[in-house]
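S.K.: One structure follows; several queries about it will come next.
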Ligand SMILES: [Zn+2]
Ligand SMILES: [Zn+2]
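In mature numbering (1 follows the signal peptide of the UniProt record, and there is no 0), the protein residues as written are -18 to -1, 1 to 356.
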């Protein structure tokens, strides 16, 4: 049965790939150059912070950041898939999870200096006539960022971004990309990824400009999730996608991780259509010593929705809310990039997930949590 469904997905995929414009989205590569296979599992990678790796193989371990081979395998898969993408979005996080002292500030500054036009960390780019990409530096708003505490508009980004979107209103559609997503984390109650006051401002901006912004694409959480921005009347106005990481890292006590994932979008500029996700089964790849990246799912196919426009995602999210929703179970498996099918998410876990999909501002999110009686 599995084989048959894989064949069906591939058939569907070959039809789809001929039809539309495409782009890749990759995120959170987190290269750990120290990764190596050795007898002493506590020495496999710096990023496991002395904790013995679980089952280290050539493509990585779930307690470690990405070995170079894993990253290369993702890129060669993307190359071999030959999608002819119009562009690639890369939403950050390159260094390994090691203490700050282990990272070299000089190297970081060198890298940034090489990327001169992105030096402020935010920029905007016309991809083709009618389609503009606005890249925001949401790291400015990231809760642990001490430098921006008490600033109302760090680096003047709100002001400048607003201007840009305002000016493009009549001519262009806009894709917004950034590292740290807006909204609430799907795995931690009452927690926004950016500082709460900034989140409120961003939600307000995106509500105002939902006629221009055709999609928002983020990384940072390492998991695959969606959000649907509702306007003040509860009408769905924006589709938001958080792409899973290439790194499989998790902490020892965390039950969840993710298989390495990369993603492609198929789109029309005014109706950015369909979503396809690829992944690598890390355990299998290590066992077989070869990286066999596979198509994981096609969103419209997996959930039987017409497209990934806000109203379709809204309808899907309403289905998630139903008790014992098979759609939600599937969504949760994708959340972990098919890491472990025996893990389930019910009760509080499900409430947090479902509220995060639909409610991005403090008022509606807390109402959602309260309604669940938690
Ligand atoms: Zn990351
Ligand atoms: Zn991050």
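Idealized CB from N, CA, C, for every residue including glycine.
Could you check how far apart the C-beta atoms of residue 185 and residue 164 are, in whole angstroms? I think they sit under 8 Å.
M.R.: Yes, residue 185 and residue 164 are in contact; Cβ-Cβ is about 6 Å, under 8 Å.
S.K.: When the distance is taken between beta carbons, is residue 74 closer than 7 Å to residue 161?
M.R.: Yes, the pair counts as a contact, with Cβ atoms nearer than the cut-off.
S.K.: Among 156, 116, 69, 312, which one has its Cα closest to the Cα of residue 362?
M.R.: Since the first residue of the chain shown is -18 and the last is 356, residue 362 is not available in this structure.
S.K.: Sorted by chain position, which residues of the same chain lie with C-beta nearer than 6 Å to residue 287's C-beta, five sequence neighbours on each side aside?
M.R.: Within the same chain, residue 287 has close Cβ partners 294, 298.
S.K.: Report whether the distance from the Cβ of residue 64 to the nearest heavy atom of ligand 1 is below 6 Å.
M.R.: No, Cβ of residue 64 sits at least 6 Å from all heavy atoms of ligand 1.
S.K.: Is the beta carbon of residue 275 less than 7 Å from the beta carbon of residue 59?
M.R.: It is a contact, given that the beta carbons lie within the stated cut-off.
S.K.: So which residues touch the region around ligand 2, with touch meaning a C-beta under 6 Å from any heavy atom?
M.R.: Ordered along the chain, the selected set is 75, 161, 202.
S.K.: Taking the beta carbon of residue 201 as the centre, do at least 16 other beta carbons fall within 10 Å, making it buried, or is it exposed?
M.R.: Under this definition residue 201 is a buried residue.
S.K.: Write down every uninterrupted run of the alpha helix (DSSP H) in the stretch 58 to 99 whose length is 4 residues or greater and which is fully enclosed by it, in chain order.
M.R.: Entirely contained in the stretch 58 to 99, the alpha helix (DSSP H) runs reaching 4 residues are, in chain order, 87 to 96.
S.K.: Quick one: is residue 245 buried, meaning 16 or more other Cβ sit within 10 Å of its Cβ, or exposed?
M.R.: Classification of residue 245: buried, given that the 10 Å Cβ count is 16 or more.
S.K.: Can you find the residues in the same chain that come closer than 7 Å, C-beta to C-beta, to residue 109, ignoring five residues on each side of it along the sequence?
M.R.: Counting only Cβ-Cβ distances below 7 Å, and skipping sequence neighbours, we find 68, 69, 115.
S.K.: Where in the stretch 167 to 244 do unbroken runs of the beta strand (DSSP E), each at least 3 residues long, occur, reported from the N-terminal end onward?
M.R.: Listed in chain order, they are 195 to 200, 207 to 212, 218 to 224.
S.K.: Could you tell me if the beta carbon of residue 14 falls within a distance shorter than 6 Å of some heavy atom in ligand 1?
M.R.: Answer for residue 14: no, Cβ out of range of ligand 1.
S.K.: Should residue 47 be listed as close to ligand 1, given that the test is whether its C-beta is under 6 Å from any heavy atom?
M.R.: Incorrect: residue 47 has no Cβ contact closer than 6 Å to ligand 1.
S.K.: Do residue 228 and residue 63 come within 7 Å of each other at the CB atom, strictly closer than that value?
M.R.: Not closer than 7 Å, so no.
S.K.: Please confirm whether residue 41 and residue 273 have their CB atoms less than 7 Å apart.
M.R.: Their beta carbons are under 7 Å apart, which means residue 41 touches residue 273 by this criterion.
S.K.: Quick check on this structure: which residue in 175, 12, 23 has the alpha carbon closest to the alpha carbon of residue 54?
M.R.: Nearest of 175, 12, 23 to residue 54, Cα basis: 12.
S.K.: Please state if the CB of residue 19 and the CB of residue 34 are separated by a distance shorter than 7 Å.
M.R.: Not a contact, by the Cβ cut-off of 7 Å.
S.K.: Compute every distance between the C-beta of residue 206 and the non-hydrogen atoms of ligand 1, then say whether any falls below 6 Å.
M.R.: Checking the Cβ of residue 206 against ligand 1 gives no.
S.K.: Have a look at residue 3 and residue 250 and give me their C-alpha separation to the nearest angstrom.
M.R.: Cα to Cα, residue 3 sits roughly 6 Å from residue 250.
S.K.: What is the DSSP secondary structure of residue 336, reduced to helix, strand or coil?
M.R.: In the structure shown, residue 336 sits in a helix (DSSP, three-state: H, G or I).
S.K.: With distances taken Cα to Cα, identify the nearest neighbour of residue 120 among 112, 105, 113, 111.
M.R.: The residue with the shortest Cα to Cα distance from residue 120 is 105.
S.K.: So does residue 10 have its beta carbon nearer than 6 Å to some heavy atom of ligand 1?
M.R.: Yes - ligand 1 has a heavy atom lying nearer than 6 Å to the Cβ of residue 10.
S.K.: Of the choices 124, 82, 321, whose alpha-carbon is the least far from that of residue 236?
M.R.: Of the listed residues, the one whose Cα sits closest to residue 236 is 321.
S.K.: Consult DSSP for residue 262 and reduce its assignment to one of helix, strand or coil.
M.R.: In the structure shown, residue 262 sits in coil (DSSP, three-state: anything other than H, G, I, E or B).
S.K.: Using the C-alpha atoms, what's the distance from residue 316 back to residue 345?
M.R.: Residue 345 and residue 316: Cα-Cα distance of roughly 28 Å.
S.K.: Do the stretch 189 to 197 and the stretch 209 to 221 touch if we need at least three Cβ pairs shorter than 8 Å?
M.R.: The answer is yes - the stretch 209 to 221 touches the stretch 189 to 197, with three or more Cβ pairs under 8 Å.
S.K.: Relative to the alpha-carbon of residue 133, which residue among 177, 118, 157, 328 has its alpha-carbon at the smallest distance?
M.R.: When only C-alpha atoms are compared, the closest one is 177.
S.K.: Which residues in the same chain have their Cβ closer than 7 Å to the Cβ of residue 135, if we skip the five residues on either side of it in sequence?
M.R.: Excluding sequence neighbours, residue 135 sits near 141.
S.K.: Between residue 101 and residue 91, what straight-line distance do the alpha-carbon atoms span, to the nearest angstrom?
M.R.: The predicted position of residue 101 is uncertain, since its pLDDT is 48 and thus under 50; a value taken from the coordinates is nonetheless stated next. So the alpha carbons of these two residues sit roughly 10 Å apart.
S.K.: When DSSP labels each residue in this structure, what does residue 5 get in the three-state scheme?
M.R.: Strand at residue 5.
S.K.: Under the assumption that residue 285 contacts residue 309 (Cβ atoms under 8 Å), give the Cβ distance between them as a whole number of angstroms.
M.R.: Residue 285 to residue 309, Cβ: 6 Å. Contact.
S.K.: If you draw a straight line from the C-alpha of residue 261 to the C-alpha of residue 267, how long is it?
M.R.: Each residue's Cα considered, the two are about 11 Å apart.
S.K.: Verify whether the separation of the beta carbon atoms of residue 137 and residue 122 is less than 7 Å.
M.R.: The answer is yes: Cβ separation under 7 Å.
S.K.: Which residues in the same chain as residue 71 place their Cβ atom closer than 6 Å to its Cβ, once the five residues preceding and following it in sequence are excluded?
M.R.: Excluding sequence neighbours, residue 71 sits near 7, 159, 199.
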